[in-house]
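Chemist: Below you'll find the structure I mean.
In the working numbering, the protein residues as written are -9 to 416.
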C-alpha cells in the first residue's frame, strides 16, 4: 500500500514537504505524531492523526506515538487564545498509560520491525538544564524565524499576548523531532495542519544542528459542513473513553452526522476501501432516508473504539425509540444508557411504597403520575391498545408492580407511537 496515495484519495493531506513521498517509497521509514497528555483519554478530534499512523503502519512503516510529558507541562499555543493550566509528572504518567491502552486498539505494538512504539519526551527533557538547552538548541533557531510562525503571530496580535514559556514551545517540540531523528532514525513528523509551524521548526533544527534531512506532512483539521466544531456536542467533547462518553452516545454522534459530513468522515475514519466507499455513497444517494453512510460509519468506528458488543447494544438502544425494542432489550440497558436514550422525555417521580403491593395501571397513569389527565382517558386508550409499559402492550387489567422496574427504579410508559414518559420510583 502506498501511504501517500492512500491519504490523497481519503482527503487526508493538507501540506507535505518536498521529498516526503520519495523518502517513503525508498525505504521503511519511522514517523511520529505527538499527543497531548493533559487528559487521561483521547477524543474524536484525535482520530484523524490516529488514522494517519494506522495507514502509515499498514503501508510498511514504523509509527511512533509521542506523548508530550514535557511539552504538556508547557502548553502548545497553536490554536489557543490563552495559556492553559500545567500538570505534574504523576498525572502525566497516568494519562500516558491510559492513552497507550486506547492506541493499542488501532496500532500493532508487537509486529516486528514495524511495531508501534510509544515515547514520552519527558524522558529526554527532564535532565536537560536550561543552559544546555540554550547552548544546544536555542542557538540554532533565530527569534525572527520563531516569530514568523502563524501560531505565534496570532497570539502576539491578540489581547492576551504570549508567555516566554509558550513562545519556546516550538523549540521544545523541534528538539523532540531532533532527538527522535538521532536516536530512533525518525525521518517524518505528521500532525494536524495547525502543527505545520512546529513541525517545520523541527526539520530546520535537524538541518542546522545535525546536518540531516527530515520531512513533514499534515492533514486538514476536521470541520463540519455547517461550520460547527467537529467533536463537540451540546453535552461537550466526544471522548474515546466509555466512562466519559458512553458507547451509545458515541454511536449516536456518528449516526446523526449530515450526509455531506458522513461522506467525508467515512473516508478519513474507516479502513473501508475506495471501492467499498464508492459503492456505499452510490447506495446512499439512491435512498438517503435509509442513512446507509451514517450507519456504516457509526458501526465501523464504534466497533474499533469500543467493541462489537457495545455496538450491538447501542443499535438496540437506538431502535427502542423507533418501536423496535422489546422488554428484554430495555432490561439489558444500563441505567446510564436508559437515561441517555430517554433524555428529554417527560419524567415523573413517585414513592416506592405506592407500587410495592401493586397498583392498577389506570391509577398509575392518571393518579400517581400525569401521563393522562384522567382515568377515563387512560382507560379509553388502554382499551384501544395504545399504552405500553416497558415496551409491553397492556390492558386495563394490568397491575404495575415493583418487580417490573428497570435498573431497579424506573418504569417506561409509551402513549401512542411516539409519546414516552419515564417514571422514577424513589
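Just so it is clear, CB atoms sit at the ideal spot from N, CA and C, and this is done for glycine as well.
#1: Starting from the Cα of residue 194, find the closest Cα among 220, 345, 327 and 166 and give me that residue.
#2: When you compare the CB positions of residue 368 and residue 352, do they come within less than 8 Å of one another, or not?
#3: Any idea what DSSP makes of residue 360, helix, strand or coil?
#4: Name the residue from 191, 147, 103 and 44 whose alpha carbon lies nearest to the alpha carbon of residue 2.
#5: Tell me the start and end of each unbroken alpha helix (DSSP H) in the region 275 to 344 that is at least 4 residues and wholly inside, in chain order.
#6: Quick check on DSSP: helix, strand or coil for residue 71?
#7: State the DSSP-derived secondary structure class of residue 110, mapped to helix, strand or coil.
#8: Residue 411 bridges to which residues according to DSSP?
#9: Using only alpha-carbon positions, find the residue among 7, 14 and 4 that is nearest to residue -9.
#10: With 16 as the cutoff for other CB atoms within 10 Å, does residue 122 come out buried or exposed?
#11: If you draw a straight line from the C-alpha of residue 105 to the C-alpha of residue 52, how long is it?
#12: Would you say residue 411 and residue 331 are within 8 Å of each other, going by their C-beta atoms?
#13: Tell me which same chain residues have a C-beta within less than 6 Å of the C-beta of residue 349, skipping the five on either side of it?
#14: Just curious, the beta strand (DSSP E) that residue 208 is in, first and last residue?
#15: Spell out a yes or no on whether the region 82 to 102 and the region 177 to 190 are touching, meaning 3 or more CB-CB pairs, one atom from each, closer than 8 Å.
#16: What span of residues does the beta strand (DSSP E) with residue 176 cover, start to end?
#17: Please report the distance separating the alpha-carbon of residue -7 from that of residue 18.
#18: Which residue from 48, 42, 414 and 22 puts its Cα closest to that of residue 325?
#19: Spatial neighbours of residue 363 within its chain, please: CB distance less than 8 Å, with the 5 preceding and 5 following residues excluded, ordered by chain position.
#20: Considering only residues of the same chain and omitting the five flanking positions on each side of residue 199, which have a CB-CB separation below 8 Å?
#21: Closest to residue 160 by CA distance: which of 218, 141 and 176 is it?
#22: Identify, in the order they occur along the chain, each residue of the same chain with its Cβ nearer than 8 Å to the Cβ of residue 30, setting aside the five sequence neighbours on each side.
#23: Suppose you measure from the CA of residue 181 to the CA of residue 238; what does that come to, to the nearest Å?
Modeler: Judging by the given coordinates:
#1: 166
#2: yes
#3: coil
#4: 44
#5: Secondary structure within the region 275 to 344: the alpha helix (DSSP H) runs of 4 or more consecutive residues, fully enclosed, are 282 to 295, 298 to 310, 317 to 322 and 325 to 331 (chain order).
#6: A caution first: residue 71 carries a pLDDT of 45, below 50, which makes its placement in the model unreliable, though a value can still be read off. In the structure shown, residue 71 sits in coil (DSSP, three-state: anything other than H, G, I, E or B).
#7: strand
#8: 403
#9: 14
#10: exposed
#11: 6 Å
#12: no
#13: The beta carbon of residue 349 is closer than 6 Å to those of 390 in its chain, skipping five residues each way along the sequence.
#14: 205 to 209
#15: no
#16: From DSSP, the beta strand (DSSP E) with residue 176 extends over 176 to 182.
#17: Cα-Cα distance, rounded: 11 Å.
#18: Nearest C-alpha to residue 325: 414.
#19: 356
#20: 126, 127, 130 and 168
#21: 141
#22: Correct list, in chain order: 84, 85, 88, 89 and 231.
#23: 29 Å
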